[in-house]
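Let me begin by presenting the structure, written as structure tokens, before commenting on it.
Protein chains: 2
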Amino acid sequence: MRLYDQPASGNCLKCRVLLRQLGLPYETVVVDLFRGETRTPDHFARNPDGRVPVLELDDGATIPESGAILLYLAEGTPLLPPDRLARARVHAWMFFEQNQIEATIASARFLAAAGRDRDAPEAFADKVTRGRAALETLERGLADGRPFAAGDAYTVADIALYGYVHCAADAGADPRAHGHVSAWLDRVEGTAGFVNDLAPFPAHVTARPI
Amino acid sequence: MRLYDQPASGNCLKCRVLLRQLGLPYETVVVDLFRGETRTPDHFARNPDGRVPVLELDDGATIPESGAILLYLAEGTPLLPPDRLARARVHAWMFFEQNQIEATIASARFLAAAGRDRDAPEAFADKVTRGRAALETLERGLADGRPFAAGDAYTVADIALYGYVHCAADAGADPRAHGHVSAWLDRVEGTAGFVNDLAPFPAHVTARPI
Numbered sequence: 037m038r039l040y041d042q043p044a045s046g047n048c049l050k051c052r053v054l055l056r057q058l059g060l061p062y063e064t065v066v067v068d069l070f071r072g073e074t075r076t077p078d079h080f081a082r083n084p085d086g087r088v089p090v091l092e093l094d095d096g097a098t099i100p101e102s103g104a105i106l107l108y109l110a111e112g113t114p115l116l117p118p119d120r121l122a123r124a125r126v127h128a129w130m131f132f133e134q135n136q137i138e139a140t141i142a143s144a145r146f147l148a149a150a151g152r153d154r155d156a157p158e159a160f161a162d163k164v165t166r167g168r169a170a171l172e173t174l175e176r177g178l179a180d181g182r183p184f185a186a187g188d189a190y191t192v193a194d195i196a197l198y199g200y201v202h203c204a205a206d207a208g209a210d211p212r213a214h215g216h217v218s219a220w221l222d223r224v225e226g227t228a229g230f231v232n233d234l235a236p237f238p239a240h241v242t243a244r245p246i
Numbered sequence: 037m038r039l040y041d042q043p044a045s046g047n048c049l050k051c052r053v054l055l056r057q058l059g060l061p062y063e064t065v066v067v068d069l070f071r072g073e074t075r076t077p078d079h080f081a082r083n084p085d086g087r088v089p090v091l092e093l094d095d096g097a098t099i100p101e102s103g104a105i106l107l108y109l110a111e112g113t114p115l116l117p118p119d120r121l122a123r124a125r126v127h128a129w130m131f132f133e134q135n136q137i138e139a140t141i142a143s144a145r146f147l148a149a150a151g152r153d154r155d156a157p158e159a160f161a162d163k164v165t166r167g168r169a170a171l172e173t174l175e176r177g178l179a180d181g182r183p184f185a186a187g188d189a190y191t192v193a194d195i196a197l198y199g200y201v202h203c204a205a206d207a208g209a210d211p212r213a214h215g216h217v218s219a220w221l222d223r224v225e226g227t228a229g230f231v232n233d234l235a236p237f238p239a240h241v242t243a244r245p246i
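So the protein lines, in turn, are chains D and F.
Just so it is clear: in the first sequence, position 42 is 78 by this note's numbering, and no numbers are missing.
Just so it is clear: in the second sequence, position 10 is 46 by this note's numbering, and no numbers are missing.
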């Protein structure tokens, strides 16, 4: 398999974490989304949304969207329970993550790193406010005392949530300010084979022209 | 089953469309999210994110998030293919929808209806721009000539996308300006038993105090 990857992307990190934890061999093609390399005809053919990650299977079929990649790879493993209701709880957190965490925290984090929060302060503040509210939701969800997002077992929902929750302080939303979230982050990082190799944004993102 | 529902919500519409198309009996509990009725202790127990839709099963278990509800209900039906790769294509469009369509178009549509676009014009414009880009992605995704989002068969991905694409013009992003999207909307609306009963926003949302 081949992962079209960007080391500084939390969405790509999710896929790398799972591939390593499942022990699946894969090769990496780094695509610099920050230079527009994901918005070419070749890459649009892999993902009409022009983003990474994209997983390419050995037969050439491609799967975009980190959530879809996680569910594909985890099928038949302990990281995705077979029970229909248990699976619904995994799905619910994964959709929540894309809607309320990725769409807010990932975007605000990029804007802050690139110095673009100053160009659009109102849009930036809107994302930070919503990101903070999303962390409050996760705190409520974890308040029942179960160790992981979807219940007693570590699943791909935890990997999906981890991607941008662990670095949400970069977007003005400190996850360690929430007790249950903080303990959950530690549990996720303590699972077997967990490696967070999220890279800093490259210099051409953070070096804002004056 | 019981659906905690809001007639004017595109996310709730998705669940109603599927429940009807599958012929599943259910009762409705209308919750006025616009008056804060989804942010009460009772409702937080159903959904820690304090939103609708929520599906309550006969044993009292609850499933939040429209995407998770659609996947739960469609399991074992023709609207969710059993093949692993085919299912990944369904998932990919559903995650895209929550991340790039719901987070932009649904929010902008509400702000415009409530007259709040004037309070936060920059944040509103950001959502409209992103919503338009998301429609361009859907147009690219449908350009291969297949009739539905995930391929030859109508699936829950189409229902998920329909929820806010069909009314995106309310958010300044006209779906009928895109040929493939427009033809796809017609095909979705032509599926057996399809009923779009999205209600207008209630008067207490649109009657902006002066």
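Even glycine gets a Cβ: it sits at the ideal position worked out from N, Cα and C.
Query	Result
Leaving out five residues before and five after Val-224 of chain F in sequence, what residues of the same chain have Cβ atoms less than 6 angstroms from its Cβ?	Asp-194 and Tyr-198
Looking at the strands, I want to know which residues DSSP matches up with Pro-100 of chain D.	D:Val-90
Would you say Gln-134 of chain D reaches chain F, if we count a Cβ-Cβ gap shorter than 8 angstroms as a contact?	yes
Does DSSP put Glu-111 of chain D in a helix, in a strand, or in coil?	coil
Report all residues from its chain with a CB closer than 8 angstroms to the CB of His-214 of chain D; omit the five preceding and five following residues, and keep chain order.	Leu-171, Glu-172, Leu-174 and Glu-175
Counting only the same chain and skipping the five closest in sequence on each side, list residues whose C-beta sits under 6 angstroms from that of Tyr-190 of chain D.	Phe-184 and Thr-227
Is there a Cβ of chain F sitting closer than 8 angstroms to that of Ile-141 of chain D, yes or no?	no
Express the C-alpha separation of Leu-178 of chain D and Glu-133 of chain D in angstroms, rounding to a whole number.	14 angstroms
Using DSSP's beta-bridge definition, name the partner residues of Glu-63 of chain D.	D:Arg-38
Against chain D, which members of the segment 85-104 of chain F pass a CB distance test of less than 7 angstroms?	Asp-85, Ala-97, Ile-99, Pro-100, Glu-101, Gly-103 and Ala-104
What three-state label does DSSP hand Phe-184 of chain F in the structure shown?	strand
For Leu-55 of chain F, decide whether its Cβ has a neighbour in chain D, counting only Cβ atoms nearer than 8 angstroms.	no
Are the C-beta atoms of Phe-225 of chain D and some chain F residue less than 8 angstroms apart?	The sequence shown places Glu at residue 225 of chain D, rather than the Phe named in the question. Output row for Glu-225 of chain D: interface = no.
On the criterion of 16 or more Cβ atoms from any shown chain inside 10 Å, does Arg-120 of chain D qualify as buried, or is it exposed?	exposed
I need the straight-line Cα distance from Asn-128 of chain D to Glu-101 of chain F, nearest angstrom please.	Checking the sequence shown, residue 128 of chain D turns out to be Ala, not Asn. About 5 angstroms.
Who are the Cβ neighbours of Arg-145 of chain F in its own chain at under 6 angstroms, not counting the five residues just before and after it?	Asp-206 and Ala-207
Helix, strand or coil: which one does DSSP assign to Pro-118 of chain D?	coil
Counting Cβ pairs, one atom from each stretch, are 3 or more of them under 8 angstroms apart for the segment 86-102 of chain F and the segment 139-159 of chain F?	no
Start and end of the alpha helix (DSSP H) containing Asp-194 of chain F?	192-201
Between F:Val-217, F:Thr-74 and F:Lys-50, which lies nearest to Asp-180 of chain F when the distance is taken from Cα to Cα?	F:Val-217
How long is the line joining the alpha carbons of Val-164 of chain F and Thr-140 of chain D, rounded to whole angstroms?	15 angstroms
With a CB to CB cut of under 8 angstroms and the five nearest residues on each side skipped, what residues in its chain are close to Thr-113 of chain F?	Leu-58
Does Asp-119 of chain D have its Cβ less than 8 angstroms from a Cβ in chain F?	no
Do Leu-49 of chain D and Leu-234 of chain D come within 8 angstroms of each other at the CB atom, strictly closer than that value?	yes
Enumerate in chain order the residues of its own chain whose CB-to-CB distance from Val-66 of chain F is below 6 angstroms, with the five nearest sequence positions on each side excluded.	Asp-41
Helix, strand or coil: which one does DSSP assign to Arg-168 of chain D?	helix
Would you mind giving the Cβ-Cβ distance between Val-201 of chain D and Ile-105 of chain D, rounded to the nearest angstrom? I have them listed as a contact below 8 angstroms.	Not quite, the Cβ-Cβ distance comes to about 18 angstroms (not below 8 angstroms), so this is no contact.
Kindly indicate if chain D contains any beta-carbon less than 8 angstroms away from that of Asp-162 of chain F.	yes
What does Phe-237 of chain F reach in chain D if we use C-beta pairs closer than 8 angstroms?	Near Phe-237 of chain F there are no residues of chain D at all, since even the closest Cβ is about 20 angstroms away, more than 8 angstroms.
In the structure shown, what three-state DSSP assignment does Asp-222 of chain D receive?	helix
Whole angstroms is fine: what's the gap from Ala-196 of chain F's alpha carbon to Gly-46 of chain D's?	25 angstroms
Which residue wins for smallest C-alpha separation from Ala-97 of chain D, given the options F:Glu-63, F:Ala-122 and F:Ala-169?	F:Ala-122
Kindly indicate the opening and closing residues of the alpha helix (DSSP H) around Phe-237 of chain D.	Run containing Phe-237 of chain D: none; DSSP gives neither H nor E here.
Assuming Met-37 of chain F and Leu-60 of chain F form a contact by the criterion Cβ under 8 angstroms, report the distance between their Cβ atoms to the nearest whole angstrom.	7 angstroms
Are any of the Cβ atoms in chain D nearer than 8 angstroms to that of Arg-168 of chain F?	no
Excluding the 5 residues preceding and the 5 following Glu-73 of chain D in the sequence, name in chain order all residues of the same chain whose CB lies nearer than 6 angstroms to its CB.	Val-67
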